[in-house]
Amino acid sequence: MRLVTMTSFAVLALLATSALSAPTQESSSIKVPLPERKLFQRATGDVDASSFMGHLNYTIQKYSGQALKSYNGGVADILKRQNAEEQLTDQVEQGEDELYYGPGTVGGQSGFTFDFDTGSSDTFVPGPNCGMAQGCSGNVHYQNTGQDEGNTTSVTYGSGMITGENYFDTVTVAGLTAKHQNVISLTQAQGFSGSASNSLMGMGFQSIASSGQPPYFKTLIDEGTVTNKEFSFYLGRAASGTQGKSELTLGGRDKSKFTGTPTKIAVSTPGYWQIPLDGVKVNNFQDPIDQLADKGQAAIDTGTTIILAPLAAAATIFARIPGSVPIPLELLNGALEPLLFAYPCAENPNVAITFGGKDFAINSKDFNFGRLTPDFAEFLGNNTLSDVLNSASYCLASIAAFDIRPQENLYVVGDAFLKNWYSIYSYDGANGKPSVSFAKAVGNQ
93 MRLVTMTSFA VLALLATSAL SAPTQESSSI KVPLPERKLF QRATGDVDAS SFMGHLNYTI
153 QKYSGQALKS YNGGVADILK RQNAEEQLTD QVEQGEDELY YGPGTVGGQS GFTFDFDTGS
213 SDTFVPGPNC GMAQGCSGNV HYQNTGQDEG NTTSVTYGSG MITGENYFDT VTVAGLTAKH
273 QNVISLTQAQ GFSGSASNSL MGMGFQSIAS SGQPPYFKTL IDEGTVTNKE FSFYLGRAAS
333 GTQGKSELTL GGRDKSKFTG TPTKIAVSTP GYWQIPLDGV KVNNFQDPID QLADKGQAAI
393 DTGTTIILAP LAAAATIFAR IPGSVPIPLE LLNGALEPLL FAYPCAENPN VAITFGGKDF
453 AINSKDFNFG RLTPDFAEFL GNNTLSDVLN SASYCLASIA AFDIRPQENL YVVGDAFLKN
513 WYSIYSYDGA NGKPSVSFAK AVGNQ
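In short: position in the sequence shown from 1, add 92, done, that's our numbering.
#1: Which parts of the region 312–360 are runs of the beta strand (DSSP E), unbroken and 3 residues or longer, counting only runs that do not cross its ends?
#2: Give the straight-line distance between the Cα atoms of Phe323 and Tyr155, rounded to the nearest whole angstrom.
#3: Suppose contacts are defined by Cβ-Cβ distances below 8 Å. Is Asn290 in contact with Thr205 by that definition?
#4: Distance check for Ala484 and Leu340, CA to CA, integer angstroms please.
#5: Can we count Thr262 as close to the ligand ADP, meaning its CB is less than 7 Å from some heavy atom?
#6: Going by C-alpha distance, which of Gly344, Val198, Met224 and Ser246 is nearest Asp520?
#7: Flag this pair as touching only if the region 528–536 and the region 422–433 have three or more C-beta atom pairs under 8 Å; answer yes or no.
#8: Does the Cβ-Cβ distance between Ala406 and Asp458 come in under 8 Å?
#9: Which partner residues does Gln158 have in the DSSP bridge list?
#10: Tell me whether the beta-carbon of Gly294 lies closer than 8 Å to the beta-carbon of Ser229.
#11: Please list, in chain order, all residues of the same chain as Ala270 whose beta carbon is under 6 Å from its beta carbon, the five residues on each side excluded.
#12: At the level of alpha carbons, what is the spacing between Val528 and Ala522?
#13: Can Val247 and Asp393 be called in contact, C-beta distance under 8 Å?
#14: According to DSSP, simplified to helix, strand and coil, what is Met293?
#15: Please go through the region 193–232 and give each complete beta strand (DSSP E) segment of 3 or more residues, from N-terminal end onward.
#16: Out of Pro436, Leu424 and Asn425, state which residue places its alpha-carbon closest to the alpha-carbon of Pro418.
#17: Which whole-angstrom value describes the C-beta separation of Ser277 and Gly296, a residue pair presumed to lie in contact below a C-beta threshold of 8 Å?
#18: Is Thr353 buried or exposed, if buried means 16 or more other CB atoms sit within 10 Å of its CB?
#19: Do Leu292 and Asp346 have their beta-carbon atoms positioned less than 8 Å apart in this structure?
#20: Note down, in chain order, each residue of its chain lying with its Cβ closer than 7 Å to the Cβ of Pro420, except the 5 sequence neighbours on either side.
#21: Between Pro402, Thr351 and Phe325, which lies nearest to Asp495 when the distance is taken from Cα to Cα?
#22: Sort Phe132, Ser518 and Gly227 by Cα distance to Ala330 and report the nearest one.
#23: So, are the CB atoms of Ile398 and Ala469 less than 8 Å apart?
#24: Helix or strand or just coil, what does DSSP make of Val480?
#25: Does DSSP put Ala531 in a helix, a strand or coil?
#26: Among the candidates Gly506, Thr317, Leu160 and Ile357, whose CA atom is the shortest distance from the CA of Gly449?
#27: Please report the residue range of the beta strand (DSSP E) in which Ile445 lies.
#28: Could you please give the first and the last residue of the uninterrupted beta strand (DSSP E) stretch that includes Phe471?
#29: Out of curiosity, what's the CA-to-CA distance linking Tyr514 and Thr355?
#30: Distance, Cα to Cα, Arg134 vs Gly238?
This is the structure in structure tokens:
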């Protein structure tokens with residue numbers, strides 16, 4: 093995975109103040125530079141098979157614990173997720189966004205770059221003895237300066253394991269410090285070296301934390317550091333010239349980054365930021381609501397680029413796109429469950445996801461992950477696909493298919509959607525309960 097361009101991605105930290113009590117940190121808007129991401133296309137606009145398959149494999153492992161079989165030498169990449177802002181950096185390769193990440197300090201030590209991930213809830217940093225052989229990259233290593241909790245956290249995936257020692261320490265992002273934050277100091281992190289960020293900050297709910305401890309933003313709330321219990325993301329798009337403007341706002345929202353009134357959807361299950369999904373429209377067509385095969389739940393995930401849909405839903409969606417072709421993939425256990433989808437590049441489908449009764453469109457720049465070439469088929473060992481790609485021009489859709497069990501009809505909605513819509517994650521936005529809100533992202537429609 094090659095980093096071609098690094099642009100600044102800013103994180104705003106907003107401290108809400110109270111006239112009755114002094115805040116623990118200065119009350120002001122704080123912008124901290126962070127970068128962005130992109131890695132799935134070559135300079136020619138063709139899909140980079142190795143990079144894409146690595147990211148797809150990571151997402152499948154994250155939600156199911158299963159893994160794809162080894163294609164062309166291996167695609168395992170457990171911690172390949174980049175997204176963040178504090179100034180969020182958009183990691184860009186050949187003009188395509190793929191991950192967003194930003195800086196922070198742990199125990200006063202700088203040099204950590206976090207992938208801010210609403211699809212997980214733990215804080216991982218490279219430990220002092222986690223080098224390249226153990227899956228950690230770079231020269232920055234946490235020196236275990238915090239309070240040793242005397243236990244470890246392990247996350248097992250279909251193709252490996254992440255293991256680390258638990259510490260309580262200070263964690264600071266954009267000037268906001270969690271004073272007693274659980275930090276997992278990695279001793280083993282297979283696949284982590286493939287990431288441009290060296291650390292991961294989960295922004296989901298405590299109930300899915302492998303450590304069992306509150307995530308960073310919840311610690312900020314519990315310690316009274318922020319009184320506005322929400323954070324929000326603006327994700328830049330290189331193709332629209334907004335790649336240097338990506339932003340994470342802690343303790344509020346940046347009204348200069350969106351237009352209109354945000355649409356609020358109550359969280360149905362606080363684990364992931366999971367909300368009801370009413371359906372998916374293609375070319376303004378959708379089955380009657382009581383017949384929808386594509387209705388379900390959606391985990392809103394800033395830590396992945398793709399959109400995963402249940403198999404039956406994906407079949408319904410792509411049946412509405414003329415000429416689309418399924419591309420079967422194989423899991424390590426031999427099951428032929430995951431599917432990619434190719435469609436004629438000449439087609440320009442209008443795709444929208446319906447939340448809260450409102451349609452949220454996906455820009456064609458984000459629905460199209462790039463042109464497929466015969467070497468993509470060769471990477472997969474798929475001769476039939478190779479023949480198809482030799483005879484016609486097909487592009488890869490950002491929606492893939494996979495059934496995440498045991499939950500039925502669960503979508504994973506990543507950055508291919510979120511670049512279009514400013515997203516707000518509130519702990520008390522729906523009558524005191526958690527909610528996710530979407531509004532039009534400035535410059536990305």
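Glycine is no exception: its CB is placed at the ideal position from the N, C-alpha and C atoms. It should be emphasised that the depicted structure is a prediction, and the values quoted were computed from it without experimental measurement.
Let me lay it out:
#1: 322–326, 339–342 and 350–358
#2: If you number the sequence shown from 1, residue 323 lands on position 231. If you number the sequence shown from 1, residue 155 lands on position 63. Spanning the two alpha carbons is a distance of roughly 23 Å.
#3: Indexing the sequence shown from 1 puts residue 290 at position 198. Indexing the sequence shown from 1 puts residue 205 at position 113. Contact flag set, yes.
#4: To locate residue 340, count along the sequence shown from 1; it is residue 248. To locate residue 484, count along the sequence shown from 1; it is residue 392. Answer to the nearest angstrom: the Cα atoms are 41 Å apart.
#5: The ligand ADP is absent from the structure shown, which contains no ligands of any kind.
#6: Sequence index remark: in the sequence shown, residue 520 carries index 428 (1-based). It is Gly344 whose Cα lies nearest to the Cα of Asp520.
#7: Result no; under three Cβ-Cβ pairs closer than 8 Å.
#8: Within the sequence shown, numbered from 1, the residue matching residue 406 stands at position 314. Within the sequence shown, numbered from 1, the residue matching residue 458 stands at position 366. It is not a contact, given that the beta carbons lie outside the stated cut-off.
#9: As a first step, residue 158 is located in the sequence shown; it is residue number 66 there, counting from the start. Answer is none; Gln158 lacks a bridge partner.
#10: Position 202 of the sequence shown, counting from 1, holds the residue named residue 294. Position 137 of the sequence shown, counting from 1, holds the residue named residue 229. Taking C-beta atoms as the reference points, Gly294 and Ser229 fail to come closer than 8 Å.
#11: Locating residue 270 in the sequence shown gives position 178, where the first residue counts as 1. Closer than 6 Å at the Cβ level, and outside the excluded window around Ala270, lie Val263, Tyr308, Thr311 and Leu312.
#12: Position 436 of the sequence shown, counted from the first residue, corresponds to residue 528. Position 430 of the sequence shown, counted from the first residue, corresponds to residue 522. Roughly 9 Å separates the two Cα atoms.
#13: Here residue 247 corresponds to residue number 155 of the sequence shown, with the count starting at 1. Here residue 393 corresponds to residue number 301 of the sequence shown, with the count starting at 1. No; because the gap between Cβ atoms is not below 8 Å, this pair is not in contact.
#14: Indexing the sequence shown from 1 puts residue 293 at position 201. It is a strand residue.
#15: 201–209 and 215–218
#16: Here residue 418 refers to the residue found at position 326 when the sequence shown is read from its first residue. Nearest option by C-alpha distance: Pro436.
#17: Numbered from 1 along the sequence shown, position 185 holds the residue referred to as residue 277. Numbered from 1 along the sequence shown, position 204 holds the residue referred to as residue 296. Rounded, the Cβ-Cβ distance is 20 Å, inconsistent with contact.
#18: Here residue 353 refers to the residue found at position 261 when the sequence shown is read from its first residue. Burial call: exposed.
#19: The residue you call residue 346 lines up with position 254 of the sequence shown. The residue you call residue 292 lines up with position 200 of the sequence shown. Contact: no.
#20: Position 328 of the sequence shown holds residue 420. Once the five neighbours on either side are set aside, the close Cβ partners of Pro420 are Leu428 and Leu431.
#21: Within the sequence shown, numbered from 1, the residue matching residue 495 stands at position 403. When only C-alpha atoms are compared, the closest one is Pro402.
#22: In the sequence shown, counting from the first residue as 1, residue 330 sits at position 238. Closest by alpha carbon: Phe132.
#23: Residue mapping note: residue 398 aligns to position 306 of the sequence shown, counting from 1. Residue mapping note: residue 469 aligns to position 377 of the sequence shown, counting from 1. Taking 8 Å as the Cβ cut-off, Ile398 and Ala469 do not qualify as a contacting pair.
#24: Position 388 of the sequence shown, counting from 1, holds the residue named residue 480. Here Val480 sits in helix by DSSP.
#25: Indexing the sequence shown from 1 puts residue 531 at position 439. Looking at Ala531 - three-state DSSP - the assignment turns out to be strand.
#26: By one-based count along the sequence shown, residue 449 stands at place 357. Considering only alpha carbons, the answer is Ile357.
#27: Locating residue 445 in the sequence shown gives position 353, where the first residue counts as 1. Its beta strand (DSSP E) spans residues Val443 to Phe447.
#28: Translated into the one-based positions of the sequence shown, residue 471 becomes position 379. It is not in any beta strand (DSSP E) - Phe471 instead sits in the alpha helix (DSSP H) that spans Pro466 to Leu472.
#29: Here residue 514 is taken as the residue at index 422 of the sequence shown, counted from 1. Here residue 355 is taken as the residue at index 263 of the sequence shown, counted from 1. Cα to Cα, Tyr514 sits roughly 10 Å from Thr355.
#30: Numbered from 1 along the sequence shown, position 42 holds the residue referred to as residue 134. Numbered from 1 along the sequence shown, position 146 holds the residue referred to as residue 238. For Arg134 and Gly238, the distance between alpha carbons rounds to 43 Å.
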